[in-house]
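*Asks:* Mind looking over this structure? Questions follow.
Protein chains: 2
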Amino acid sequence: MTEGHTVKENAKERLKSATLYEDMGFLLTRSRAVWVARDRAFFAEFGLNGRLYAVLSLAASGENPTQRELADFLRLDASQIVALIDDLEQRGYVERRSSPTDRRTNIIVATDAGRQVHGEARAAARDGEQSMGPSLNAEDRATLLALLQRVAFEE
Amino acid sequence: MTEGHTVKENAKERLKSATLYEDMGFLLTRSRAVWVARDRAFFAEFGLNGRLYAVLSLAASGENPTQRELADFLRLDASQIVALIDDLEQRGYVERRSSPTDRRTNIIVATDAGRQVHGEARAAARDGEQSMGPSLNAEDRATLLALLQRVAFEE
DNA sequence: TATTGTTATACTCTATAACTATA
DNA sequence: TATAGTTATAGAGTATAACAATA
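Below, the structure written as structure tokens:
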């Protein structure tokens, strides 16, 4: 039993000698999976997931994004934004406001309820990161954030 | 036209003021999407995708992993490993060898052809990163890699 | 009893194409 | 002609449950 556990952990360490352990694509994939699996629990408390949270966050930013701008920023197809907005709108968290200058475009803004939920979900995720997150100090965290911002928005 | 492009880019910059731009989960998700979209072209040349490449890479590592060990290292369910190995085995890139000490377990090893393809795919991805990748210098890249290794394997 | 590999299933995410109404 | 939003569809990725063989 304890031996089994030890063997399994040793295997995990052993495989770190593989070239894959230096592969950026693999590390980004595994890091993201670990991170969102933890976030999921905190967001589920508010009926949200990562994508709904992201849209709500931008809607609550005060920048009045259009659906197209949401799609570009989140790197999702415009068709996916439709379903996400539909969902949040039905719950009364965001509103579609037609632009006064271009009747094709919708401006997405968070309602009071939407801002409230976003604030609570954000706090829950932040607290969760502190209690269960990786052992990154403030400096490491800021460094990682800055590097990811460059990779994420290079295209 | 050029104005439209400018407006769109400004919107993207404008939304960076949102709290989401500091959100680790979002940045990991977007970084991964950007990275694997680029990798996809290089891997497709060899009939591979990110997950097949990862399994092949571990099979070619010389560490003789079992299917269970592959699942743990890649953070995939054991049932997903079955299909990936089936695929690679049919192409003659890996073999299932039953363990001499435990008849339940399969040890996965790359064939000569598998090692060959893995080497070529790895070189193509590396070259592609240099020509199309983010403007990270060697130090930034190493820093990012080390931080991601910690996040990816914290659990 | 517990673990390895396996099959099956459902759900989410992602990628594409085509349509409409406006510009 | 081009763009914003929408609908539809198929494929890839992910999460769970259950089973047979073996430990």
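Chains as they are written, first to last, in the UniProt record's numbering: chain A, 1 to 155; chain B, 1 to 155.
Built from N, CA and C at the ideal position, the CB exists for glycine as well.
The ligand FAD and Ala146/B: does any heavy atom of the ligand fall closer than 8 Å to the residue's C-beta?
*Replies:* This structure does not include the ligand FAD; it has no bound ligands of any sort.
*Asks:* Would you mind giving the Cβ-Cβ distance between Leu56/B and Gly114/B, rounded to the nearest angstrom? I have them listed as a contact below 8 Å.
*Replies:* Here residue 56/B refers to the residue found at position 56 of the second sequence. Here residue 114/B refers to the residue found at position 114 of the second sequence. Confirmed, Cβ separation roughly 6 Å.
*Asks:* Is the distance from the Cβ of Ala124/B to the Cβ of Phe26/B below 9 Å?
*Replies:* Position 124 of the second sequence, counted from the start, is the residue given in the question as residue 124/B. Position 26 of the second sequence, counted from the start, is the residue given in the question as residue 26/B. No.
*Asks:* DSSP on Ser99/B, reduced to helix/strand/coil?
*Replies:* As a working mapping, residue 99/B is identified with position 99 in the second sequence. The answer is coil: DSSP assigns Ser99/B none of H, G, I, E or B.
*Asks:* Am I right that Leu70/A and Leu58/A are in contact with their C-beta atoms under 8 Å? What's the rounded C-beta distance?
*Replies:* For the purposes of this step, residue 70/A is taken as the residue at position 70 of the first sequence. For the purposes of this step, residue 58/A is taken as the residue at position 58 of the first sequence. That belief holds up - the Cβ atoms of Leu70/A and Leu58/A are roughly 6 Å apart, short of 8 Å.
*Asks:* Distance check for Leu48/A and Asp39/A, CA to CA, integer angstroms please.
*Replies:* Within the first sequence, the letter at position 39 stands for residue 39/A. Within the first sequence, the letter at position 48 stands for residue 48/A. Going by the C-alpha atoms only, they are around 10 Å apart.
*Asks:* Is the CB-CB distance between Gly133/A and Glu22/B below 9 Å?
*Replies:* As a first step, residue 133/A is located in the first sequence; it is residue number 133 there, counting from the start. As a first step, residue 22/B is located in the second sequence; it is residue number 22 there, counting from the start. No, the Cβ-Cβ distance between Gly133/A and Glu22/B is not below 9 Å.
*Asks:* For Val34/B and Ala152/A, which I take to be in contact (beta-carbon distance under 8 Å), what is that distance rounded to the nearest angstrom?
*Replies:* Numbered from 1 along the second sequence, position 34 holds the residue referred to as residue 34/B. Numbered from 1 along the first sequence, position 152 holds the residue referred to as residue 152/A. Right, their Cβ atoms sit about 6 Å apart.
*Asks:* Determine the burial state of Ser61/B: buried for a count of at least 16 other Cβ atoms within 10 Å of its Cβ, exposed for fewer.
*Replies:* For the purposes of this step, residue 61/B is taken as the residue at position 61 of the second sequence. Its Cβ being crowded by 16 or more others within 10 Å, Ser61/B is buried.
*Asks:* Leaving aside the five residues before and after Ala41/A along the sequence, list all residues of the same chain whose C-beta is less than 8 Å from its C-beta, in chain order.
*Replies:* Residue mapping note: residue 41/A aligns to position 41 of the first sequence, counting from 1. Here the set comprises Gly128.
*Asks:* Taking the alpha-carbon positions, what's the Arg126/B to Met24/A distance?
*Replies:* By one-based count along the second sequence, residue 126/B stands at place 126. By one-based count along the first sequence, residue 24/A stands at place 24. Taking the straight line from one Cα to the other gives about 10 Å.
*Asks:* Would you identify the three-state DSSP class for Ala110/B, choosing helix, strand or coil?
*Replies:* Taking the first residue of the second sequence as position 1, residue 110/B is located at position 110. Looking at Ala110/B - three-state DSSP - the assignment turns out to be strand.
*Asks:* Which residue or residues does DSSP assign as beta-bridge partners of Val94/B?
*Replies:* Taking the second sequence and counting its residues from 1, one reaches residue 94/B at position 94. In DSSP, Val94/B forms a bridge with Ala110/B.
*Asks:* What are the boundary residues of the alpha helix (DSSP H) that includes Ala44/A?
*Replies:* Taking the first sequence and counting its residues from 1, the one referred to as residue 44/A is at position 44. First-last of the alpha helix (DSSP H) with Ala44/A: 24-44.
*Asks:* Kindly give me the distance between the Cβ atoms of Asn106/A and Thr143/A, rounded to whole angstroms, as I take these residues to be in contact under 8 Å.
*Replies:* Residue 106/A sits at position 106 when you count from the first residue of the first sequence. Residue 143/A sits at position 143 when you count from the first residue of the first sequence. Actually they do not touch by this definition, with Cβ atoms about 38 Å apart.
*Asks:* State the start and end residues of the unbroken alpha helix (DSSP H) segment that holds Gly50/A.
*Replies:* Stepping through the first sequence from its first residue, residue 50/A is reached at position 50. Start and end: 50-59.
*Asks:* Anything in chain B within Cβ reach of Gly25/A, meaning under 7 Å, just list it in chain order.
*Replies:* The residue labelled residue 25/A in the question sits at position 25 within the first sequence. Within 7 Å Cβ-Cβ: Trp35, Val36, Asp39, Gly50.
*Asks:* Using DSSP's beta-bridge definition, name the partner residues of Thr66/B.
*Replies:* The residue labelled residue 66/B in the question sits at position 66 within the second sequence. Per DSSP, Ile107/B.
*Asks:* Go to Arg75/B, then tell me how far its alpha helix (DSSP H) extends in each direction, as first and last residue.
*Replies:* Here residue 75/B corresponds to residue number 75 of the second sequence, with the count starting at 1. First-last for Arg75/B: undefined, no H or E at that position.
*Asks:* Please check if any C-beta of chain A sits within less than 9 Å of the C-beta of Ala125/B.
*Replies:* Here residue 125/B is taken as the residue at index 125 of the second sequence, counted from 1. Taking Cβ atoms only, chain A reaches closer than 9 Å to Ala125/B, which makes this a yes.
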